Amino acid sequence: MRRLKDALAAAGYNRETVQAALRADQHALPQPGEMVVFEHRVAGHSPQETLIRFFLIGSTVEQADLAAALPGIPLEELHRHGVAETVPGGVRCPMRIVPHGDVIVASDRTYYKDGGGHDSDVVMGVSNPAILLANLTIRKPVKSALDLGTGGGIQALLMANHCERVVATDLNPRALEIARFNAALNGFLNIETRGGSWFEPVAGERFDIIAANPPYVISPETTFLYRDSGMPADSLSRELVREMPQHLEEGGFGHILISWGVAANQDPLVPARQWLEGLPCDVWLLHYLTDDPLTQASKWNRPLAMEGLDAYSAAIDRWLAYYREHGIDRIAFGAVIMRRRSQGSPWLRADTLHTSRASAGLVLRIFKAEDFLRGPHADRLGEERLALVPNHELRQRLVAREGAWQLDEATLTLTEGLGFRGGLDVATAQVLQHLDGKHSLSQAVDQASRELGFDEEDRRALAEASAAMTRRLFELGFLVRGESAPPPPDRPLAGTEGFDPATL
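Numbers 38 to 541, taken from our numbering, label the letters of the sequence shown in order.
Shown next, in the form of structure tokens:
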């Protein structure tokens, strides 16, 4: 199987060439209409065009073209591995096989069986939620990892690069079959698959890292295993976040995507925070989207529209009635990152995001910042030598006053990771430029005050404002302690850069 991946790499079947050929940033789960456009864009007979049509789009290609695109891989071998079947006019690939960063991922092509009707055990490709989870997951060498609800195995594949042993579990036998296929395709021998419901296959075991992308959609259905848990409302999300700490080693990190119901006029963070209270873990709750029931019902039932508007309309009515029955006025989506800590007083933090970029490097910075700010030396932050991380952007607005341009305000954006953003006034922006890892906050304030011509009273006011600004920027990952700047941002999974949370 690894021979196939090597052959695809040699032929240039990778993220960059695929996106350039299709003129699209997202190629993992395109809509049916996009497939028609994509096919026209790669209608030639070059090896790259042939491979994109064959593996990604699912078109029938001529045997001679496929042989030329994959020299050294006999057609019989492709048949034996289940990635080629002979059809009138040539050969086609019954699976979708798509490059994502350094891995190649296979999945099912459609929600539907060839004979009609739903395919409940369908295994979807790499979705936006899977990308978000991958980018939030801590990347460091550890002994053991768990991919809970593995699906096609994308989280297991990524963790296998830095974990000695990865266990991938799923209730869906087809998902485990495809996860094993993907492990073999990518040459990983350290991934073990186990069938069963949630944590049952790993009862009594603990792991250094857990990543979980469960069927968290609040749904009245049991149509698709990847989407519908069959449990009431948001109870699956609640149970999994409560149970996950039992399966983490001390200091181990757990990551899970969840959704929860929100009542009218309720803060969207409140219900999920209540689930997380009292856990033996430091917890960071990230809320990235809140939808109304109609939007959710229409989004998740879109495949039914292919069967006719009556079925689509009936499904929407059924979902809306379900939400009313459970007192759900809005549906919130988020991620929970937890670190097992049995000693001391674990902390709980919650943030609402306005972009779904993420990086494990930023996650570690946030945890380190919280540890310091909740520790015995928190009041000494102003004495620390602080450095602004390189992955930021400062935008300034000038206004015309009395015939001259003057700086009016500045906006600082974290371009790496979660895209936090904050406003600065002219004076605090001046202070910030002196936080280079060599100066403390008081030294930066002194320098900025001299440059701005401030008197002692103005300097004291600037020091007070800068202290609050510095603490907040430290909390958000803009600032780090010490002279050493953080390493470059983690390389994201292919196609993850800056997608809209509304597409999740």
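Each residue gets a CB set at the ideal place from its N, CA and C atoms; glycine is no exception. The structure displayed is predicted, hence computed values, not measured ones.
Open item on the list: Which of the three DSSP states is assigned to residue 350 in this structure?
Closed with: In this structure, residue 350 counts as helix in the three-state DSSP scheme.
Task: Distance CB(residue 55)-CB(residue 93) smaller than 9 Å - done: A contact, by the Cβ cut-off of 9 Å.
Task: Reduced DSSP secondary structure (H/G/I, E/B, other) of residue 123 - done: Per DSSP, reduced to three states, the secondary structure at residue 123 is strand.
Task: For residue 513 and residue 418, the rounded distance between their alpha carbons - done: Their backbone Cα atoms lie some 14 Å apart in a straight line.
Task: Given residue 245 as reference, the closest of 114, 194, 178, 482 once Cα atoms are compared - done: Checked all of 114, 194, 178, 482; the closest Cα to residue 245 is 178.
TODO: Since I believe residue 468 is in contact with residue 499 (beta carbons under 8 Å), could you give me their beta-carbon distance rounded to a whole number of angstroms?
DONE: With 8 Å as the limit, residue 499 and residue 468 qualify as a contact, their Cβ atoms being about 7 Å apart.
Open item on the list: Using the three-state DSSP reduction, which class does residue 542 fall into: helix, strand or coil?
Closed with: It is not possible to answer for residue 542, since the shown part of the chain is limited to 38 through 541.
Open item on the list: Bridge partners for residue 375 per DSSP, in chain order?
Closed with: Residue 375 is bridged to 291, 320.
Task: Beta carbon of residue 269 nearer than 9 Å to that of residue 363 - done: Residue 269 places its beta carbon less than 9 Å from that of residue 363.
TODO: For my contact list, residue 223 and residue 42 are in at a C-beta cut-off of 8 Å; report their separation, rounded to the angstrom.
DONE: Cβ atoms of residue 223 and residue 42 come within 8 Å of each other, at about 6 Å.
Open item on the list: Distance check for residue 516 and residue 510, CA to CA, integer angstroms please.
Closed with: CA-to-CA, the gap between residue 510 and residue 516 works out to about 6 Å.
Open item on the list: For residue 375 and residue 74, what's the separation of their Cα atoms in angstroms?
Closed with: In this structure, the straight-line span from the alpha carbon of residue 375 to that of residue 74 is close to 42 Å.
Open item on the list: Rounded to the nearest angstrom, what separates residue 167 and residue 490 at their Cα positions?
Closed with: Distance between the alpha carbons of residue 167 and residue 490 is about 52 Å.
TODO: Would you list the one or two residues that DSSP bridges to residue 337?
DONE: Beta-bridge annotation (DSSP): residue 337 is not paired with any residue.
Open item on the list: Rounded to the nearest angstrom, what separates residue 78 and residue 125 at their Cα positions?
Closed with: One C-alpha to the other measures close to 23 Å.
TODO: Run the CB neighbour count on residue 288, radius 10 Å, all protein chains shown included, and call it buried at 16 or more, exposed below.
DONE: It is exposed - the Cβ of residue 288 has fewer than 16 other Cβ atoms within 10 Å.
Open item on the list: By the three-class DSSP mapping on this structure, what secondary structure does residue 201 have?
Closed with: In this structure, residue 201 counts as strand in the three-state DSSP scheme.
Task: Local conformation of residue 501 per DSSP, three classes - done: DSSP, read as helix, strand or coil, puts residue 501 in helix.
Open item on the list: Please classify residue 57 as buried or exposed, where buried requires at least 16 other C-beta atoms within 10 Å of its C-beta.
Closed with: When all chains shown are included, residue 57 counts as exposed.
Open item on the list: Let me make sure I understand the geometry here. Which of 184, 219, 194 has the alpha-carbon closest to that of residue 208?
Closed with: Taking each of 184, 219, 194 in turn and checking the Cα distance to residue 208, the smallest one comes out for 184.
Task: Local Cβ density within 10 Å of residue 580, reported as buried at 16 or more and exposed below that - done: With the chain represented from 38 up to 541, any question about residue 580 goes unanswered, as that position is not in the structure.
Task: Proximal residues to residue 271 (C-beta, below 7 Å), its chain only, five neighbours per side dropped - done: Around residue 271: 255, 296, 297, 298.
Open item on the list: So within the region 71-154, which uninterrupted beta strand (DSSP E) runs reach at least 3 residues, ignoring any that extend past its ends?
Closed with: With a minimum length of 3 residues, the unbroken runs of beta strand (DSSP E) contained wholly in the region 71-154 fall at 122-124, 127-129, 133-137, 140-144.
Task: Option in 220, 176, 399, 354 with minimal Cα separation from residue 194 - done: Taking residue 194 as reference, the option from 220, 176, 399, 354 with the minimal CA-CA separation is 220.
Task: Other residues of its chain near residue 348: CB distance less than 7 Å, five sequence neighbours each side excluded - done: The residues 341, in chain order, have a CB closer than 7 Å to that of residue 348 in the same chain once the five nearest residues on each side in sequence are set aside.
TODO: Would you give the residue range spanned by the beta strand (DSSP E) that residue 481 belongs to?
DONE: Judged by DSSP secondary structure, residue 481 falls outside any beta strand (DSSP E) and instead within the alpha helix (DSSP H) spanning 478-489.
- [ ] Look at the Cβ atom of residue 188, then the Cβ atom of residue 212, and state whether they are nearer than 9 Å.
- [x] Annotated as proximal: residue 188 and residue 212, with beta-carbon spacing under 9 Å.
Task: Neighbourhood of residue 278 by C-beta, 7 Å cutoff - its chain only, sequence neighbours within 5 removed - done: The residues 293, 295, 312, 313, 373, in chain order, have a CB closer than 7 Å to that of residue 278 in the same chain once the five nearest residues on each side in sequence are set aside.
Open item on the list: Could you tell me the alpha carbon to alpha carbon distance between residue 160 and residue 263, rounded to whole angstroms?
Closed with: Between residue 160 and residue 263, the C-alpha separation is close to 7 Å.
TODO: Evaluate residue 153 with the Cβ neighbour count: other Cβ atoms within 10 Å of its Cβ, from every protein chain shown; 16 or more gives buried, anything less gives exposed.
DONE: Per-residue confidence for residue 153 stands at a pLDDT of 49, beneath the threshold of 50, marking its modelled position as unreliable; the derived number appears in the next sentence. Its Cβ having fewer than 16 others within 10 Å, residue 153 is exposed.
Open item on the list: Helix, strand or coil for residue 520? Go by DSSP, reduced to three states.
Closed with: Because the pLDDT of residue 520 is 47, which lies under 50, any placement of that residue in the model is unreliable, and the question is left without a value.
Task: Endpoints, the alpha helix (DSSP H) within which residue 254 is located - done: Taken as a continuous stretch (DSSP letters only), residue 254 belongs to no alpha helix (DSSP H), as it is neither H nor E.
Task: Separation of residue 415 from residue 494, as counted between CA atoms - done: One Cα belongs to residue 494, the other to residue 415, and the distance between them is close to 26 Å.
Open item on the list: Quick check on residue 214: does DSSP put it in helix, strand or coil?
Closed with: Shown here, residue 214 sits in a helix according to DSSP, grouped into three states.
Open item on the list: On the DSSP bridge list, what partners appear for residue 179?
Closed with: DSSP output for residue 179 lists 200 as bridge partner(s).
Task: Limits of the beta strand (DSSP E) - the one that residue 43 falls within - done: Boundaries for residue 43: no beta strand (DSSP E) harbours it, while the alpha helix (DSSP H) harbouring it runs 39-47, taken from the DSSP string.
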